[in-house]
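Trainee: Dropping a structure here in structure tokens format, bear with me for questions.
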Amino acid sequence: MQEFTKGDKMVHLVQVNYSLLPVIHRFGIRLGFGNRTVQELCKLYGVNTDFFLAIVNTFHNKNFFPETQLLSFSPLLIVDYLKKTHAYYVSFSLPQIEDLIHRLLLSTPQQNSEMKMIETFYLAYKRKLLEHFKEEEETVFPYVETLVLRPSDIQNHNFDANYEKEHEHVDFELDDLKNLILKYLVPEYDELVCNKLMEEIYRFEKDIRDHSRMEDAILMPQVAHLLKVVK
Ligand SMILES: [Fe+2]
Ligand SMILES: [Fe+2]
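Here it is as structure tokens:
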């Protein structure tokens, strides 16, 4: 699979893979790309071009994960990207999935316990995921920021390096949600809504796997390295 480079037109990236558009938005880069290249637009928006390309290429190609290069970026850059990704999930992906599940429920016959079970399962999943994000934003990310910016203050922070174990649950439960829908949805439903819902769940699953991989394989090793330096 091709790897995008800084000389590519930004339009080209979206033409090749339209699901890159939300990732590009996450960097604050807006449409109206004109004929500008990746490098020109990154410069215009004050974005680190190499980091942008590492993220976009990782997202585009599941076999591409430039671990050494990603580890070389500042943990602050990684944390900033992870926060923006949370914001995108919270304000867009999760409400979108919830709305589609609700519309699907409305399109099925009343007194339908299977569909209610799907909705209840999703709401519980969402609650756990939001708690996980909150924990990262209130504990993990500030810990990393302190470690980089004010390492002498690090003793004042409580931090459990095992937090990433939760990622396994995040992945599995999304699988369970898909299986519930595929196996137990009653046959009378709005198929357009159903198709759109499955598309969104698969899209979200891929996105959040990349996100968790960034936390597990990049951010945590960076923290371990910084801690060694501090000690
Ligand atoms: Fe996260
Ligand atoms: Fe996470």
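Under the numbering used here, think of the first position of the sequence shown as 1, with each following residue one higher. Positions of the beta carbon are idealized from the N, C-alpha and C atoms, including for glycine.
Any chance the stretch 96 to 104 sits against the stretch 62 to 76, with 3 or more Cβ pairs inside 8 angstroms?
Mentor: Output reads no: the stretch 62 to 76 does not touch the stretch 96 to 104.
Trainee: Pick helix, strand or coil for K6, following the three-state DSSP scheme.
Mentor: As a position in the sequence shown, residue 6 is number 6, starting the count at 1. If DSSP states are grouped into helix, strand and coil, K6 belongs with coil.
Trainee: Just reading off the alpha helix (DSSP H) that Q96 is part of, what are its end residues?
Mentor: Here residue 96 corresponds to residue number 96 of the sequence shown, with the count starting at 1. Element bounds for Q96: L94 to S107.
Trainee: Can you list, in chain order, the stretches of the beta strand (DSSP E) that have 3 or more residues and sit fully within the stretch 34 to 86?
Mentor: The stretch 34 to 86 contains no whole beta strand (DSSP E) run of 3 or more residues.
Trainee: Which residues count as close to ligand 2 when the rule is a CB under 6 angstroms from any of its heavy atoms, in chain order?
Mentor: Any residue whose Cβ sits closer than 6 angstroms to a heavy atom of ligand 2 makes the list: H132, E136, H167, S212 and E215.
Trainee: Would you say L82 touches ligand 1, meaning its beta carbon is less than 7 angstroms from a heavy atom?
Mentor: If you number the sequence shown from 1, residue 82 lands on position 82. Yes; taking the cut-off as 7 angstroms, the Cβ of L82 has a heavy atom of ligand 1 nearer than that.
Trainee: Pairing CB atoms from the stretch 74 to 83 with CB atoms from the stretch 208 to 224, are three or more of them under 8 angstroms?
Mentor: Enough Cβ pairs lie closer than 8 angstroms, so yes.
Trainee: Please tell me whether H86 and E137 are closer than 8 angstroms, where the distance is taken between their beta carbons.
Mentor: For the purposes of this step, residue 86 is identified with residue 86 of the sequence shown, where counting begins at 1. For the purposes of this step, residue 137 is identified with residue 137 of the sequence shown, where counting begins at 1. Yes, the pair counts as a contact, with Cβ atoms nearer than the cut-off.
Trainee: With a threshold of 7 angstroms (Cβ to nearest heavy atom), would H86 be considered close to ligand 1?
Mentor: As a position in the sequence shown, residue 86 is number 86, starting the count at 1. At least one heavy atom of ligand 1 is nearer than 7 angstroms to the Cβ of H86, so yes.
Trainee: Just curious, the alpha helix (DSSP H) that Y189 is in, first and last residue?
Mentor: Working through the sequence shown from its first residue, we reach residue 189 at position 189. Segment: none, Y189 is in no alpha helix (DSSP H) and carries neither H nor E.
Trainee: Considering Cα atoms alone, identify which of N61, Q155 and L197 is closest to E119.
Mentor: Against the sequence shown, residue 119 aligns to sequence position 119. Taking only the C-alpha atoms, the option nearest E119 is L197.
Trainee: Candidates V56, R103 and G28: which alpha carbon is nearest K84's?
Mentor: Position 84 of the sequence shown, counted from the start, is the residue given in the question as residue 84. The shortest C-alpha separation from K84 is found at G28.
Trainee: Is the beta carbon of Y189 less than 8 angstroms from the beta carbon of S107?
Mentor: As a working note, residue 189 is residue 189 in the sequence shown. As a working note, residue 107 is residue 107 in the sequence shown. Yes, these two residues count as a Cβ contact at 8 angstroms.
Trainee: At least one CB of chain D closer than 8 angstroms to the CB of T58: is that the case?
Mentor: Going by chain labels, chain D is absent from the structure shown, which holds only one protein chain.
Trainee: Output needed for M1: all residues of its chain with C-beta closer than 8 angstroms, excluding positions within five of it in sequence on either side, in chain order.
Mentor: Position 1 of the sequence shown, counted from the first residue, corresponds to residue 1. Correct list, in chain order: H60, N61, N63 and F64.
Trainee: What are the boundary residues of the alpha helix (DSSP H) that H25 is part of?
Mentor: As a working note, residue 25 is residue 25 in the sequence shown. Its alpha helix (DSSP H) spans residues L21 to R26.
Trainee: Are there 16 or more other CB atoms within 10 angstroms of the CB of M214, so buried, or fewer, so exposed?
Mentor: As a working mapping, residue 214 is identified with position 214 in the sequence shown. Looking at its Cβ environment, which holds 16 or more other Cβ atoms inside 10 Å, M214 is buried.
Trainee: Counting C-beta neighbours from all protein chains within 10 Å, is the total for M115 16 or more, i.e. buried, or is it exposed?
Mentor: In the sequence shown, residue 115 corresponds to position 115, counting from 1. M115 comes out buried.
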